[in-house]
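Following: one structure in structure tokens, then a few remarks.
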Amino acid sequence: MGEELKAIAYQKERLTIVREIQDRQSEMQTLLNLGAVYYSLEEYSQAKECFQECRAIALQLQDSRTEGLALKNLRLVSDALLDSQAANDYQQQHSSLVRKLWQAEALDFLAHAKMLGINPSEDFAKADLSGINLRSADLSNADLNHTNLSDADLTFADLSRANLESANLAGACLCNANLRDADLRGANLSRADLRTKMPRANLSGANLESANLYSAYLPNAKLVAADLSGATLSDADLSGANLSRANLQNADLKRTNLSGANVENARLIGALGLSEAMKLELKQRGAIFDDS
């Protein structure tokens with residue numbers, strides 16, 4: 498009803514009562530409620546104090562769900578206070594808690610994350626999710642910028658329109674994942690399994706060294722200045738893709754569809770599977786085939 502001061506008064510009364518009767522679970526819930534009201538009033542110091550008290554009790558009671566909620570709220574408060582280091586620390590602690598419990602109980606990772614108050618669409622940015630099983634996960638539109646997903650299993654995952662800018666996906670399995678319109682600028686995809694569909698994906702400046710793109714579908718994708726050295730691109734569809742300034746040295750280009758692709762200043766030194774006629778055509782379109 499917008500009567501925050503009354504809400505604070507009632508929650509403080511409740512806090513006194515539950516502490517008198519030593520109801521620790523109710524004490525944690527009251528501290529969360531009180532912190533939420535202070536947060537809505539932009540009284541961030543008081544909110545932080547409530548969430549820290551709540552977390553301390555959760556640790557004593559080994560209540561992982563409440564600890565996760567407290568950590569998420571502490572991150573939000575730190576963001577509001579423009580303390581990016583503290584916000585990042587709380588986020589890492591939050592994701593580490595999910596990983597620890599997931600490994601111990603072998604539960605569905607995303608389901609467990611949601612149980613601990615994590616919103617996969619916005620709370621995994623910059624988190625360490627290396628080696629995690631995210632097979633068939635729905636991460637469409639998710640903010641995963643700078644997230645560590647190295648060696649993660651993302652087979653059949655929906656990453657359409659996801660923000661994966663500067664993410665670490667080295668060695669990750671993305672076979673049959675949906676990467677339509679995904680933002681992968683500057684991402685590390687070295688050795689990744691990318692036998693999948695990536696129409697219109699933005700891979701500008703990405704590291705795709707030795708990646709497996711066999712039969713990959715990349716029409717109109719942006720690969721400006723991307724490193725595709727040693728990558729397997731045989732039978733891939735790169736029609737209309739922008740490969741300007743890309744490094745395709747020693748890449749396997751057998752039967753690769755490059756019709757309409759921008760290859761201006763693309764380095765194709767040592768590229769495999771190109772006929773002499775195709776080399777001549779690509780040279781005429783601006784590709785580079787020697788160091789001279």
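Counting from 498, one number per residue, gives the positions in the sequence shown under the working numbering.
From the three backbone atoms N, C-alpha and C, an ideal C-beta is built for every residue, glycine too.
All values reported here derive from a predicted model rather than from experimental measurement.
Where Asn-709 falls, given that 16 or more other Cβ within 10 Å makes a residue buried: Translated into the one-based positions of the sequence shown, residue 709 becomes position 212. It is buried - the Cβ of Asn-709 has at least 16 other Cβ atoms within 10 Å.
Alpha helix (DSSP H) segments (min. 4 residues) lying fully within the region 524–580: 541–558, 561–577
On a CA-only basis, which of Gly-614, Ala-774, Ala-610, Lys-597 is nearest Leu-571? Give me that one, please. In the sequence shown, residue 571 corresponds to position 74, counting from 1. Answer by Cα proximity: Gly-614.
Could you tell me how far apart the beta carbons of Ala-698 and Ala-679 are, in whole angstroms, since I believe they sit closer than 8 Å? For the purposes of this step, residue 698 is taken as the residue at position 201 of the sequence shown. For the purposes of this step, residue 679 is taken as the residue at position 182 of the sequence shown. Rounded, the Cβ-Cβ distance is 5 Å, consistent with contact.
Between Leu-740, Ala-713, Asp-732, which has its C-alpha nearest Asp-724's C-alpha? Counting from one through the sequence shown, the residue named residue 724 turns up at place 227. Nearest C-alpha to Asp-724: Leu-740.
Please report the residue range of the alpha helix (DSSP H) in which Val-515 lies. Along the sequence shown, one-based indexing puts residue 515 at 18. Segment 501–517, the alpha helix (DSSP H) holding Val-515.
On the DSSP letters alone, give me the boundaries of the alpha helix (DSSP H) that Met-775 sits inside. For the purposes of this step, residue 775 is taken as the residue at position 278 of the sequence shown. Looking at the DSSP string, the run of the alpha helix (DSSP H) that includes Met-775 is 773–781.
Roughly how many angstroms separate the alpha carbons of Ser-537 and Thr-753, rounded to a whole number? Along the sequence shown, read from residue 1 onward, the residue named residue 537 stands at position 40. Along the sequence shown, read from residue 1 onward, the residue named residue 753 stands at position 256. Ser-537 and Thr-753: Cα-Cα distance of roughly 55 Å.
I'd like to check one pair, Asn-762 with Ile-785: are the Cβ atoms closer than 8 Å? As a working note, residue 785 is residue 288 in the sequence shown. As a working note, residue 762 is residue 265 in the sequence shown. Yes. Within cutoff.
Answer yes if the region 554–566 comes into contact with the region 576–586, meaning at least three C-beta pairs across the two stretches below 8 Å, and no otherwise. no
I'd like the span of the alpha helix (DSSP H) that includes Lys-611, first residue to last. By one-based count along the sequence shown, residue 611 stands at place 114. First-last of the alpha helix (DSSP H) with Lys-611: 606–612.
Inter-residue Cα distance where the pair is Glu-564 and Arg-552: For the purposes of this step, residue 564 is taken as residue 67 along the sequence shown, with counting starting at 1. For the purposes of this step, residue 552 is taken as residue 55 along the sequence shown, with counting starting at 1. Spanning the two alpha carbons is a distance of roughly 5 Å.
What did DSSP end up calling Lys-597 once you bin it into helix, strand or coil? Residue 597 sits at position 100 when you count from the first residue of the sequence shown. In the structure shown, Lys-597 sits in a helix (DSSP, three-state: H, G or I).
Apart from the five residues just before and just after Ala-703, which ones in its own chain have a Cβ nearer than 8 Å to its Cβ? Taking the first residue of the sequence shown as position 1, residue 703 is located at position 206. For Ala-703, where only same-chain residues beyond five positions count, the Cβ hits under 8 Å are Leu-681, Arg-682, Gly-683, Ala-684, Asn-685, Leu-686, Leu-720, Ala-723, Asp-724.
Does DSSP put Asp-620 in a helix, a strand or coil? The sequence position of residue 620 within the sequence shown is 123, counting from 1. Three-state DSSP puts Asp-620 in coil, outside helix and strand.
Cβ neighbours of Ser-736 in the same chain (closer than 8 Å, five flanking residues each side left out): For the purposes of this step, residue 736 is identified with residue 239 of the sequence shown, where counting begins at 1. Excluding positions up to five away in sequence, the list reads Pro-716, Asn-717, Asn-754, Leu-755, Ser-756, Gly-757, Ala-758.
Expressed to the nearest angstrom, what Euclidean distance is found between the alpha-carbon atoms of Ser-701 and Gln-590? For the purposes of this step, residue 701 is taken as residue 204 along the sequence shown, with counting starting at 1. For the purposes of this step, residue 590 is taken as residue 93 along the sequence shown, with counting starting at 1. Going by the C-alpha atoms only, they are around 31 Å apart.
Cβ pair Ala-743, Gly-727 closer than 8 Å: Position 246 of the sequence shown, counted from the first residue, corresponds to residue 743. Position 230 of the sequence shown, counted from the first residue, corresponds to residue 727. No, these two residues do not count as a Cβ contact at 8 Å.
Neighbour-count burial assignment, Ser-497, 16 or more Cβ in a 10 Å radius: Missing from the structure shown is residue 497; the chain here goes from 498 to 789 and no further.
Spatial neighbours of Asp-635 within its chain, please: C-beta separation below 7 Å, excluding the five flanking residues on both sides. On the sequence shown, residue 635 is found 138 positions in, with the first residue counted as 1. Taken in chain order, the residues that qualify are Asp-655.
Quick one: what does DSSP say Asp-586 is sitting in, helix, strand or coil? As a working mapping, residue 586 is identified with position 89 in the sequence shown. It is helical.
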